[in-house]
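> Please see the structure below; I have some questions.
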Amino acid sequence: MSQDKAFTMEVRDDGVAVIMIDVPGESMNTLKDSFAEEVGSLMNRLESDDSVKGVVFISGKSGSFIAGADINMIDGCENAVDAESLARKGQAMFDRIEQLNVPVVAAINGACLGGGLELAMACHVRVCTENSKTALGLPEVKLGLLPGSGGTQRLPELVGVQQGLTMILTGKELRAKQALKAGLVTEVVPQSILLDVAVEHALKRKPKATKPPLKGISKVLEATKFGRDIIFKKASEQAQKKAQGNYPAIDKIIQTVREGVERGREAGLDKEARSFGELAMTPESYQLRQIFFATTEMKKETGADGVKPDTVKRVGVLGGGLMGGGIAYVTAAKAGIPARIKDIAEDGIRHALHYSYERLDKKVKRRHMRRAELEKTMLMLSGSLDYSGFERTDVVIEAVFEDLNLKQKMVADVEEHAAESTIFATNTSSLPITQIAATAKRPEQVIGLHYFSPVDKMPLAEIITHPGTSDKTIATTVSLAKKQGKTPIVVKDGAGFYVNRILAPYMNEAARLLLAGEPIEHLDKTLVKFGFPVGPITLLDEVGIDVAAKVAPVLVKELGNRFEAPEAFEKLIDDDRKGKKNQKGFYQYGKGVKGKPVDTSVYSLLDIDPNENKSADEIIDICLLPMLNEAAYCLQEEIIRSPRDGDIGAIFGIGFPPFLGGPFRYMDSQGLETIVNKLEKLAAERGERYTPAPLLKQMLENGWNFYQ
């Protein structure tokens, strides 16, 4: 077979044409614009060859059927009409597959996403493997788009309007068993017989279109226009509750699905192509695509140019608390690497093991994994009250209390009990790595590996290097973090590192506004509407008021007065308000509490008479600009290596609004002149902590942007 083509066809003796999808030179199959011609000529052959009895599409790659369409195609479009014609091309190609007179079967193993699922849905039968890598979904919404090659029309036809909308609006992926239950696939089989079963289906009669397997209330609602109206209304309310009107794709998805349901597929496809074209040109989609490109680029980097990471076969974890438990879980469950947890008490080890068990058990109950897989993963976790077994670890990750002496003792212990080559990674959130490594015998093997809480959900890891850290240590730690499912950014040592350093001024200003009388809900709602996942006061409760109070003096000592926190923290701590963890903070907690009411007693404690004085725009500027300014300082001081790393760190670490592209892309889009002018105005009104970073002024004078 020639290997310069992505689609190659072989007609078997039994009359089944097997079309192998194998994009040359790529690890995953992705659909490119140029394939339309290849598929077109295959369709010409199939339409004119009466000896072919059936067709099977199968992938030549082990991990993916088709992982989606190549996003670069959209960047090549100059306007909405160009992007619309891309969609129409895809629609026409898949329509021809569907119109073939013989049965067409998609044999799916691995990722079947976006354009890959759209191709599979154009086939008459879908068979997939029970492989844990098999996943079916339409994730276009995450790029600010909608599925443009028939996905908005075919998915609801197969699984029903409600399930179809949920999948398209959230980008949710279904595992094999879930896809079978939803009616998205016809059969689930072991990988070894995938082709045989697909061929069997291809030799049967062409199946008639089936109705979605709906039950109960869904069946009742979807049967009438009145019921479907309720579904569309509910879907919009739920999606916008999270999106806050910031993502134009949401409304377009709902309108497009609705068009097809009410006026037929042809009208739906027309609406889909036009909507795809319009969305491709929105600033939101542009920024979300840039994030996608940046993270794809980062996956290929080692963190230390030209240095290969060592293989990590065993990991040690010090401390069985919430962080330690989370680190052990991602090591065993995601990286597939055995983890040994050391704690000073048996209870600590028990809690850490239970943490993993709970998460895995949830997956079993949701049919994401089998009980046997849970047991296999739990066997990778062990615990100990001493350092036995640590001599075999390649990396030891420390997650004990934020105490410098304790952490230095841990370094000494690991150097004594582990191998000479063992890396010591500390999960500190505030102590400088240089100080932790100060007494080490092998400082080149000491590095920061800062996870965010909860570890199993937060995608970022900061890899913090001190001047003595070796490149081999950096590369090995970056590689481990990726295996644990993290997006790592390499940052230089310094108080607060990057993420907490840019977060602190934002939180401080929100606290100052609160002390000046702005109501808690007004502050939180304003910044959630702007695009943050939670407001700053909610975040204080979640992080812990006591933690914030501890970090503040460290930042002031190292970085100066612009990190001075408002006095109020002392009063809150004296009143034993730590936030969510002890159910006492700015908001009410506890069993009888419905919704998320503010604990109004905090106003009298802080001597505040709550009253809305500032507009939403003023609040955004007051809180956000110091964060942007601090990001510029971090770039200037080379704490981060590039604006790209700074943007990814802010989006994945603190939920900076993704559709705005991160602090640096946001400053570019607003214009540096606007940013500097606003900072100078606030410096005059609110104090010199708003003085623009020298880098911002220099860039403005030279007419530079962060991204050329």
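With UniProt numbering, the residue at position 23 of the sequence shown is 23, and numbering never jumps.
Glycine included, each C-beta is placed from N, C-alpha and C at the ideal position.
Small disclaimer: the values here were computed from a predicted structure and weren't measured.
Short check: CB of glycine 585 to CB of aspartate 541, under 8 Å?
A contact, by the Cβ cut-off of 8 Å.
> Leaving out five residues before and five after glycine 63 in sequence, what residues of the same chain have Cβ atoms less than 8 Å from its Cβ?
Counting only Cβ-Cβ distances below 8 Å, and skipping sequence neighbours, we find Ser27, Met28, Gly110, Ala111, Lys133.
> Once DSSP output is grouped into helix, strand and coil, what is the label at valine 315?
Of the three classes helix, strand and coil, the one that applies to valine 315 here is strand, per DSSP.
> Could you check whether alanine 135 and arginine 175 sit closer than 8 Å to each other, using their CB atoms as the reference points?
The answer is yes: Cβ separation under 8 Å.
> Flag isoleucine 250 as yes when its Cβ comes closer than 7 Å to any non-hydrogen atom of the ligand SAM, and as no otherwise.
The ligand SAM is absent from the structure shown, which contains no ligands of any kind.
> Give the list of continuous beta strand (DSSP E) stretches no shorter than 3 residues that lie fully inside the region 34-59.
If we require 3 residues or more, the beta strand (DSSP E) runs fully inside the region 34-59 come out as 54-59.
> Could you spell out the range, first to last residue, of the beta strand (DSSP E) harbouring methionine 20?
Counting along the chain, the beta strand (DSSP E) containing methionine 20 begins and ends at 16-21.
> Among all the DSSP beta bridges, which residues are the ones paired with tyrosine 451?
Tyrosine 451 pairs with Ala461.
> When the Cα of leucine 379 is compared with those of Arg340, Val105, Gly389, which residue comes out closest?
When only C-alpha atoms are compared, the closest one is Arg340.
> With phenylalanine 232 as the anchor, note down where its alpha helix (DSSP H) starts and where it stops.
225-243 is the span of the alpha helix (DSSP H), which, as asked, contains phenylalanine 232.
> With a threshold of 16 other CB atoms inside 10 Å of the CB of histidine 466, please say whether the residue is buried or exposed.
Looking at its Cβ environment, which holds 16 or more other Cβ atoms inside 10 Å, histidine 466 is buried.
> Are the beta-carbon atoms belonging to valine 102 and glycine 54 less than 8 Å from one another?
Against a cut-off of 8 Å, the Cβ pair of glycine 54 and valine 102 comes out as a contact.
> My output table needs one value for glycine 325: the three-state DSSP class, helix, strand or coil.
Helix at glycine 325.
> Do lysine 426 and glutamate 444 have their CB atoms nearer than 8 Å?
For the sequence presented, residue 426 should be read as threonine rather than lysine. No, the Cβ-Cβ distance between threonine 426 and glutamate 444 is not below 8 Å.
> Look up tyrosine 587 in the DSSP assignment and give the residues it is bridged to.
For tyrosine 587, which the question treats as bridged, DSSP gives the partners Val598.
> Check this for me: beta carbons of alanine 235 and leucine 146, under 8 Å apart or not?
No; because the gap between Cβ atoms is not below 8 Å, this pair is not in contact.
> Just to check my reading of the structure: tyrosine 690 and proline 626 have Cβ atoms closer than 8 Å, yes? What is that Cβ distance to the nearest angstrom?
Contact flag correct, Cβ pair sits at about 7 Å.
> Return the bridge partner residues of valine 411 from the DSSP annotation.
Answer is none; valine 411 lacks a bridge partner.
> Find the nearest neighbour of alanine 335 within the set Ile349, Glu558, Lys211, Thr377, judged by alpha-carbon distance.
It is Thr377.
> So alanine 332 and glycine 383 are in contact, right, with Cβ under 8 Å, and what is the actual spacing, rounded?
12 Å between Cβ atoms; not a contact.
> Should leucine 404 be labelled buried (16 or more other beta-carbon atoms within 10 Å of its own) or exposed?
Classification for leucine 404: exposed.
> Going by C-alpha distance, which of Asp14, Lys32, Gly15 is nearest phenylalanine 7?
With distances taken between Cα atoms, phenylalanine 7 lies closest to Lys32.
> Take the Cβ of phenylalanine 424 as the centre, count every other Cβ of all protein chains shown within 10 Å, and call the residue buried at 16 or more, exposed below.
The residue in question, phenylalanine 424, is buried, as its Cβ has 16 or more Cβ neighbours within 10 Å.
> Considering only their Cβ atoms, is the gap separating leucine 449 from threonine 487 smaller than 8 Å?
No, these two residues do not count as a Cβ contact at 8 Å.
> Measuring CB atoms only, is the region 154-162 touching the region 180-190, in the sense that at least three cross pairs come out at less than 8 Å?
At 8 Å Cβ cutoff, the stretches touch.
> Which runs of the beta strand (DSSP E), 3 residues or longer, sit entirely within the region 65-110?
Runs found: 104-108.
> My output table needs one value for cysteine 123: the three-state DSSP class, helix, strand or coil.
If DSSP states are grouped into helix, strand and coil, cysteine 123 belongs with coil.
> Assuming contact is defined by CB atoms lying nearer than 8 Å, are glutamate 272 and glutamine 153 in contact in what I supplied?
Cβ distance < 8 Å, so glutamate 272 and glutamine 153 count as in contact.
> Looking at the secondary structure, which residues open and close the beta strand (DSSP E) in which glutamate 10 lies?
Segment 7-11, the beta strand (DSSP E) holding glutamate 10.
> Report yes if the C-beta distance between leucine 431 and glutamate 402 is below 8 Å; otherwise report no.
Contact flag set, yes.
> Per DSSP, isoleucine 489 is paired with what?
BP columns for isoleucine 489 point to Glu462.
> What's the C-alpha gap between glutamate 237 and phenylalanine 664?
Straight-line Cα distance between these residues: approximately 32 Å.
> Using a threshold of 8 Å, state whether the C-beta atoms of residue 725 and aspartate 609 are closer than that.
With the chain covering 1 to 708 only, the question about residue 725 has no answer from this structure.
> Could you give the DSSP three-state label for asparagine 702: helix, strand or coil?
Reduced to three states, the DSSP call for asparagine 702 is helix.
> So is methionine 1 buried or exposed if we call it buried at 16+ other beta carbons inside 10 Å?
Summary for methionine 1: the model assigns pLDDT 41, below 50, so the residue's position carries little reliability; its value from the coordinates is reported in the next sentence. Label assigned to methionine 1: exposed.
> Check for me: the alpha helix (DSSP H) holding phenylalanine 532 runs from which residue to which?
Phenylalanine 532 -> no alpha helix (DSSP H), and no H or E assigned at all.
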